[in-house]
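Visitor: Take a look at the following structure, please.
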Amino acid sequence: MKRSLFLQLFLIFYVVLFVALSIITASFIYSRQRMENEAAELEMLERARALAATSQDYYAARMTLGAYQTVLEHAVDEKTAIWIVNPFGIVLQVSGLQEGEELLTQQQLVASLENLLKGQELRTADMAMQSGARVRNYVVAVPVAAEGGNSFAGAVFIYRRMANISLDMLGVYEMLMALIVFALAGIPLFFMTRSVTKPLKEMALASGEYAAGHFEKRIHENRISEIDTLGQSLNKMAEDLAGLEQMRMGFVANVSHELRSPMTSMQGYVQGILDGTIPPQDHQRYLKVVFDETRRLTRLVNDLLDLSKIESGNMPIRKTRFDVCELMRRVLIKYEGRIDEKSLEVEVLFHPEQCLVYADMDRIEQVVSNLVDNAIKFVPQRGQLGLYLNQGSDFAYITVSDNGIGISKEDLPYIFDRFYKADKAHTSGKGTGLGLAIASKIMQCHGQELTCTSKQGEGTSFRFCLDLYRGQDAAQAPERP
Ligand code: ATP
Ligand code: MG
């Protein structure tokens, strides 16, 4: 079963808080107990010293036995036991402890007596198990000085059982405080957890909307930087998707538009022929128009297929070795008819006359053909068309230029976009605006760039370069005719 992030985080925070509180409380109890024990030990020492002085009084007969015993009895409580030991190890014991508790043995007393009789005080503490619980035993011993001399008349031992450090030390007040802190901590924890889970919920909701094709929703800024980064990425994605969606819709609109005009005209002419509106002697002429339109449609569909292949990365680039000068001459011959029609002046300057490059020949022919086609389309009668080649140390530089209508500064950045036609009126019915998009994509596939410089009214030139043939893949690169 899936648990909500909120619950999970909330529980984790609470557990962490519980552990932290427990550690703090434990260390608090520990240090308090240590201080108490230390104070108790000092107090025992003081008591032993006082008893030692009383014992001295008693030995010196300044005190009756009865009075002495009263003092001793008053000095014990339920946690302590007292021994008054004479120099021979003979003991007088007074104890407030219960019967059967394990106290100091005679041997232990006698063993410590030796040092005590030299005037040294004694302090020991040890842990012992007593009826299943750990207890801490403290023993202090103080020598009893003999009357008027340097010798000692015995010693006073005080034994005390102290509680070991445990949770029992925690008073009701502390318990209550801990509970209140624990409960109150829930409030900030709740808001903290919500500050993490709320934006995530918002993002999940937005993603759902994006998936459904609505890209308007944006994620709000967040103070937590990681969450904010995620939110910004989602916003960026939504923007990109919206842009893409717009482009897709524009593309469909463009394609439909390009398809509709030839279809309508063909339909009109064929209908005219069929219903006799167009007289038989004109049939030939109109069928030629229909034929041209079908060719245009075929070209459009082929161009679209090419574009989609290149964009999806499915257009294979088959590089071979070939003479690019030869290719350009071939393209010129292909367009000879249209060049003659417009009586264009053609300048061809190749340095050198033959230049072997390594590229996909068919695709490069497509590029050059489109550039020459455009130049012819956009130059006036008797205009100029130039084809140039310069060979550098690594590349062949190819330029196709004309002195036609040129391209305005505003249009220049867009001419490589799909369906972009700068001078719509001038080229209407002539092209679809896909040629340069395809050409620039082909150059990208070659790792090169197709660039354009143009001035409105003066002319245009397109430039690109190709790798010179340097024996790349010599075995698989036969020269193509
Ligand atoms: P297609 O090549 O698909 O038949 P097209 O020639 O109109 O159509 P592109 O080759 O992509 O499309 O060119 C895009 C636009 O760039 C042209 O419509 C034209 O406005 C402008 N253009 C391209 N080459 C020239 C040029 N040599 N002189 C002036 N404008 C040009
Ligand atoms: Mg073109």
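Numbering-wise, the working numbering puts 1382 at position 274 of the sequence shown, and it's gapless, one number per residue. Glycine included, each C-beta is placed from N, C-alpha and C at the ideal position.
Let me make sure I understand the geometry here. Which of Q1556, L1297 and E1455 has the alpha-carbon closest to that of S1509?
Guide: It is E1455 whose Cα lies nearest to the Cα of S1509.
Visitor: Helix, strand or coil, according to DSSP, for H1534 in the structure here?
Guide: Residue placement at H1534 cannot be trusted, given a pLDDT of 47 that sits under 50; the coordinates are not used to answer.
Visitor: Please work out which residues of its chain come closer than 7 Å, Cβ to Cβ, to E1461, disregarding the five sequence neighbours upstream and downstream, and give them in chain order.
Guide: Result list for E1461: C1433, in chain order.
Visitor: Which residues mark the beginning and the end of the alpha helix (DSSP H) in which R1403 is found?
Guide: P1388 to E1419 is the span of the alpha helix (DSSP H), which, as asked, contains R1403.
Visitor: By Cβ distance below 6 Å, which residues in the same chain neighbour I1425 in space, the five residues on each side in sequence not counted?
Guide: So the list reads D1468 and C1553, once near-sequence residues are dropped.
Visitor: Give a single yes or no on whether N1478 has its beta carbon closer than 8 Å to a heavy atom of the ligand MG.
Guide: For the ligand MG, at least one heavy atom lies less than 8 Å from the Cβ of N1478.
Visitor: Going along the chain, which residues of its own chain have a beta-carbon closer than 6 Å to the beta-carbon of K1187, five neighbours each way excluded?
Guide: Within the same chain, K1187 has close Cβ partners R1268 and R1269.
Visitor: Quick check on this structure: which residue in A1189, Q1228, A1161 and E1229 has the alpha carbon closest to the alpha carbon of T1213?
Guide: It is A1189.
Visitor: Using a threshold of 9 Å, state whether the C-beta atoms of L1544 and N1482 are closer than that.
Guide: In this structure, N1482 lies closer than 9 Å to L1544 by Cβ.
Visitor: Using only the heavy atoms of the ligand MG, determine whether one of them is closer than 8 Å to the beta carbon of G1514.
Guide: Every heavy atom of the ligand MG is 8 Å or more from the Cβ of G1514, so no.
Visitor: For S1599, name the three-state secondary structure that DSSP assigns.
Guide: Outside the displayed range of the chain (1109 to 1589) lies residue 1599, so it cannot be described from this structure.
Visitor: In whole angstroms, what is the alpha-carbon distance linking L1576 and R1407?
Guide: Whole-angstrom Cα-Cα distance: 31 Å.
Visitor: Taking 9 Å as the cut-off, decide whether the C-beta atoms of L1056 and M1436 are in contact.
Guide: Nothing in the structure corresponds to residue 1056, since the chain is present only between 1109 and 1589.
Visitor: Could you check how far apart the C-beta atoms of L1415 and I1546 are, in whole angstroms? I think they sit under 8 Å.
Guide: Confirmed, about 6 Å.
Visitor: Please report the Cβ distance between F1121 and M1300, rounded to the nearest whole angstrom; I am assuming they are in contact, meaning their Cβ atoms lie under 8 Å.
Guide: Sure, about 7 Å apart at Cβ, within 8 Å.
Visitor: Tell me whether R1111 counts as near the ligand ATP, meaning its Cβ is closer than 8 Å to at least one heavy atom of that ligand.
Guide: No - the ligand ATP has no heavy atom lying nearer than 8 Å to the Cβ of R1111.
Visitor: Taking 8 Å as the line, does the beta carbon of G1543 fall inside it for any heavy atom of the ligand FMN?
Guide: By its list of ligands, the structure shown excludes the ligand FMN, since it contains just the ligand ATP and the ligand MG.
Visitor: Per DSSP, what kind of secondary structure is A1585 in: helix, strand or coil?
Guide: Unreliable positioning characterises A1585 in this predicted model, as indicated by a pLDDT of 49, which lies under 50. The coordinate reading is nonetheless provided below. If DSSP states are grouped into helix, strand and coil, A1585 belongs with coil.
Visitor: In angstroms with no decimal places, state the Cα-to-Cα distance between N1478 and R1571.
Guide: Cα-Cα distance, rounded: 13 Å.
Visitor: Round the Cβ separation of Y1612 and Q1580 to the nearest angstrom and send it over; I've been treating them as touching at under 8 Å.
Guide: The structure shown does not extend to residue 1612, since the chain is modelled only from 1109 through 1589, so no value can be given for it.
Visitor: Tell me, please, which residues DSSP counts as bridged to G1262.
Guide: According to DSSP, which records beta bridges pairwise, G1262 is partnered with V1252.
Visitor: Thinking just about the alpha-carbon of each residue, which of Y1167, H1322, P1521 and L1173 is nearest to the one in S1562?
Guide: Looking at the Cα atoms, P1521 is the closest of the given residues.
Visitor: When you compare only the Cα positions, how much space is there between L1287 and I1137?
Guide: L1287 and I1137: Cα-Cα distance of roughly 16 Å.
Visitor: Taking just the CA atoms, how far does E1329 sit from S1536?
Guide: Bear in mind that the predicted position of S1536 carries a pLDDT of just 44, short of 50, making it too unreliable to give a figure here.
Visitor: Flag this pair as yes or no: are the beta carbons of G1514 and G1445 separated by less than 9 Å?
Guide: Going by C-beta atoms, G1514 is not nearer than 9 Å to G1445.
Visitor: Could you check which residue in V1409, R1490 and D1470 has the C-alpha nearest to that of I1447?
Guide: For I1447, the nearest C-alpha among the options comes from R1490.
Visitor: Could you check whether I1550 and R1471 sit closer than 9 Å to each other, using their CB atoms as the reference points?
Guide: A contact, by the Cβ cut-off of 9 Å.
Visitor: Kindly examine the ligand ATP and report whether one of its heavy atoms sits closer than 8 Å to the Cβ of K1529.
Guide: Yes, since a heavy atom of the ligand ATP falls inside the 8 Å radius drawn around the Cβ of K1529.
Visitor: Answer yes if the stretch 1300–1318 comes into contact with the stretch 1111–1128, meaning at least three C-beta pairs across the two stretches below 8 Å, and no otherwise.
Guide: As far as the Cβ criterion goes, the stretch 1111–1128 touches the stretch 1300–1318, which means the pair count is three or higher.
Visitor: Terminal residues of the continuous alpha helix (DSSP H) containing R1437?
Guide: Counting along the chain, the alpha helix (DSSP H) containing R1437 begins and ends at V1432 to K1442.
Visitor: With 16 other CB atoms within 10 Å as the buried threshold, where does V1193 fall?
Guide: V1193 should be labelled buried.
Visitor: For A1585 and I1332, I'd like the C-alpha separation in whole angstroms.
Guide: Summary for A1585: the model assigns pLDDT 49, below 50, so the residue's position carries little reliability; its value from the coordinates is reported in the next sentence. For A1585 and I1332, the distance between alpha carbons rounds to 58 Å.
Visitor: Rounded to whole angstroms, what is the Cα-Cα separation between E1255 and Q1164?
Guide: Going by the C-alpha atoms only, they are around 7 Å apart.
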